[in-house]
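Report on the structure given below.
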Amino acid sequence: MWKTKAFRLLAAIIIWPGVAHGQTQATPAAFPAGQEAVQKQLDELRRLVVQLSTRINGLEEQLKQKRSLDASSAAPETTDLKPVVQAAGAGPGVPAATASERSSNDFLQGATLNLTIDGYYAYNFNRPIGRVNLLRPYDVSSNSFSLNQATVILERAADPTAGRRFGARMDLQYGQATETLQGNAANEPRPQVYRPVFQAYGTYVAPIGKGLTIDFGKFASAMGYEGNYSKDQFNYSRAYFFNFLPFYHMGFRNTYTVNDKLTLSYWLINGVQQTEDFNGFKSQVVQVIVKPAKTVQWNFIYHIGREQRDLQPALNPGFPALPTQPGLSTTPIVPTPDGRFHLLDTYICWNASPKLTLVGEADYVINRQFETSAPAHVSGGAAYVHYQFIRKSGVAARAEYLSDRGGMFSGVTQALKETTLTYEYKLADGFLTRFEWRRDFSNQAFFLTETPGQLKKEQNTATVGLVWWWGQKQGSW
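Shown next, in the form of structure tokens:
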């Protein structure tokens, strides 16, 4: 369009001198000096039109090249336009980007910064001593305005199609949830060292077949249907099995997508929630993901390892016993526990309709302190249903059963059950409210009351959860 207008202007300029010259001949003595000035202006306009035409030709050529390139070459293409404009004689233009600037832009391309704030108010009708909700990983406090977690996620995922085979992710987390996720000396030699770091891992996609994804670092566990970030869950509170199964692992995770129906994964890790290993035995995990249909996904995970420490915990922070960092123990446990830990986890998700989602989960865990010890068992399952009324509101329900033989989960042999009903309303994109009623009950008197030493077989809670999130990351976090 600009090129057409330029040629029209050029044609008008070429015709105009002839008309002006004829008028001058009709009055030869009229304003000779003015005629020279007009002629100079016309010459200047001709030069300007030629420059504009040259610039437009260069830009159109660059735009044609840009359309033929993929997204990975789009940023350098924009930079290449500048020398063409300057070479056309247009005078000073915007300086070309330096190599350092181009490198920074390439690094930031595809990176996302994401934040979430998750808070709640819960009321336990047992009015428990200490305002403590037992067996809850996140909604741990009763009758208190609470900050579950505030998290910052920085991610630059690998993208082999754009020529980038490496990536990284880091989740920095603060609030009550860190006391649950990072745990204590029962599962970590030095939990406070890593408490704010929920995830931190690097990724490399090896050019093997369709691409073998290799992750190394601390990453969230895939065991169990529920995850960490409240915005991606059906309910505000989490199930018993979310609380019992591992939250994270440290080590290698290797994943290969065979086709659109089958994905295989193998992990070599320190153990269950061990950023630092406390027994020197490396655990192994095999994961199989099957998608028999577009609306169905089935996950199966098997974990084997040793989950008993072989060193006495050291006071940390404290003075180091040897010239090394505080908290590193050199006091062995004798005899050294050598029992095995086995975990089977499976869940299947079915999107029955665009509004209705159904999930079933089953788990079996067995652990021995020594090879000859009597085993402790945890087994059970959960069912989830979520229905989206409209884009802004929906309802969810969960029912769960957990058999804790040997007290591996709760410290007491008991049969635990819970039912949860949740209504959600999204006040705005990135701001979600949840209103929840939950009932926990057992075949043993286990739950706290307002009277010391007096326990109940049940606890009922009402909770309001408020979740904010924003950032460029799409889908589940």
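According to the numbering used here, the sequence shown holds residues 1 to 477 in order. Even glycine gets a Cβ: it sits at the ideal position worked out from N, Cα and C. Keep in mind the model is a prediction, meaning the values are calculated, not measured.
Check your understanding: Hey, does Thr463 have any beta-carbon neighbour from chain C nearer than 8 angstroms?
Key -> In the displayed structure, chain C is absent; only one protein chain is listed.
Review point. Helix, strand or coil: which one does DSSP assign to Leu42?
Key: helix
Check your understanding: Just checking my contact of Gly251 with Asp345 at CB under 8 angstroms: how many whole Å lie between their CB atoms?
Key -> 18 angstroms between Cβ atoms; not a contact.
Review point. Ile304 bridges to which residues according to DSSP?
Key: Gln284 and His342
Point to revise | Alpha-carbon spacing of Pro326 relative to Phe319, whole angstroms | key: 6 angstroms
Practice item. Check the C-beta distance from Leu416 over to Ser442 and give it rounded, since I have them as a contact under 8 angstroms. Key: 5 angstroms
Check your understanding: For Ala222, is the classification buried or exposed, using 16 other Cβ atoms within 10 angstroms of its Cβ as the cut-off for buried?
Key -> buried
Practice item. Spell out a yes or no on whether the region 464-473 and the region 111-124 are touching, meaning 3 or more CB-CB pairs, one atom from each, closer than 8 angstroms. Key: yes
Exercise for review: Count the CB pairs spanning the region 236-255 and the region 198-217 that are closer than 8 angstroms, and state whether there are at least three.
Suggested key: yes
Point to revise | Environment of Tyr266 [buried if 16+ CB atoms lie within 10 Å] | key: exposed
Point to revise | Rounded separation between Leu268 and Asn254 - CA only | key: 9 angstroms
Point to revise | Buried versus exposed, by CB contacts within 10 Å (16 or more), Ser237 | key: buried
**Study point:** Coil, strand or helix - Thr331 by DSSP
**Key:** coil
Check your understanding: What residue does the beta strand (DSSP E) around Thr449 start on, and which one ends it?
Key -> Premise fails: Thr449 is in no beta strand (DSSP E) and is neither H nor E.
Exercise for review: Could you check if Leu432 is buried or exposed, using at least 16 other CB atoms within 10 Å of its CB as the buried criterion?
Suggested key: buried
Review point. Whole-angstrom Cβ separation of Arg434 and Asn460, contact assumed at under 8 angstroms?
Key: 17 angstroms between Cβ atoms; not a contact.
**Study point:** According to DSSP, residues forming a beta bridge with Arg391
**Key:** DSSP, once it has assigned bridges, lists no residue as partnering Arg391.
Point to revise | Cβ neighbours of Thr414 in the same chain (closer than 7 angstroms, five flanking residues each side left out) | key: Strictly speaking, residue 414 in this sequence is Gln, with Thr absent from that position. Same-chain partners within the cutoff: Asp404, Ser442, Asn443, Gln444 and Phe446.
Review point. Nearest-angstrom Cα distance between Val385 and Pro323?
Key: 55 angstroms
Practice item. Write down the C-beta distance between Asn537 and Arg190 rounded to the nearest angstrom, noting that I regard them as a contact closer than 8 angstroms. Key: Not covered by the structure: residue 537. The range shown for the chain is 1 to 477.
Practice item. Return the bridge partner residues of Ala428 from the DSSP annotation. Key: Phe431
Review point. Buried or exposed: which applies to Gly163, given that a residue is buried once 16 or more other Cβ atoms fall within 10 Å of its Cβ?
Key: exposed
Check your understanding: What is the DSSP secondary structure of Glu188, reduced to helix, strand or coil?
Key -> coil
Point to revise | Minimum length 3: unbroken beta strand (DSSP E) runs contained in the region 218-282 | key: 248-259 and 262-269
Review point. When the Cβ atoms of the region 449-457 are set against those of the region 123-138, are three or more pairs found closer than 8 angstroms?
Key: yes
Exercise for review: Please go through the same chain and pick out, in chain order, the residues whose beta-carbon is closer than 7 angstroms to the beta-carbon of Pro332, but skip the five residues on each side of it.
Suggested key: Asp310 and Leu311
Exercise for review: Please report how far the alpha carbon of Phe242 lies from the alpha carbon of Glu226, in whole angstroms.
Suggested key: 6 angstroms
Review point. At which residues does the alpha helix (DSSP H) containing Leu134 begin and terminate?
Key: Note, Leu134: premise wrong, no alpha helix (DSSP H); not H, not E.
Review point. Measuring CA to CA, which of Leu264, Ala293 and Glu276 is closest to Ser286?
Key: As written in the sequence, residue 286 is Val, which differs from the Ser given in the question. Considering only alpha carbons, the answer is Leu264.
Check your understanding: My guess is that Ala382 and Thr422 are in contact by the Cβ rule of under 8 angstroms, so how many angstroms apart are they, rounded?
Key -> Their Cβ separation, rounded to whole angstroms, is 14 angstroms, which puts Ala382 and Thr422 out of contact at 8 angstroms.
**Study point:** Reduced DSSP category for Glu371 - H, G, I as helix; E, B as strand; rest coil
**Key:** coil
Point to revise | Option nearest Phe216 by Cα separation, candidates Phe234, Leu262, Arg169 and Gln149 | key: Arg169
Check your understanding: Excluding the five sequence neighbours on either side, which residues of its own chain have a C-beta within less than 8 angstroms of the C-beta of Ala352, listed in chain order?
Key -> Thr295 and Leu358
Review point. Per DSSP, which one or two residues make a beta bridge with Gln492?
Key: Limits of the chain in this structure are 1 at one end and 477 at the other, which puts residue 492 out of reach.
Practice item. To the nearest angstrom, report how far apart Thr178 and Glu60 are at their CA atoms. Key: 55 angstroms
Check your understanding: Does DSSP put Ile153 in a helix, in a strand, or in coil?
Key -> strand
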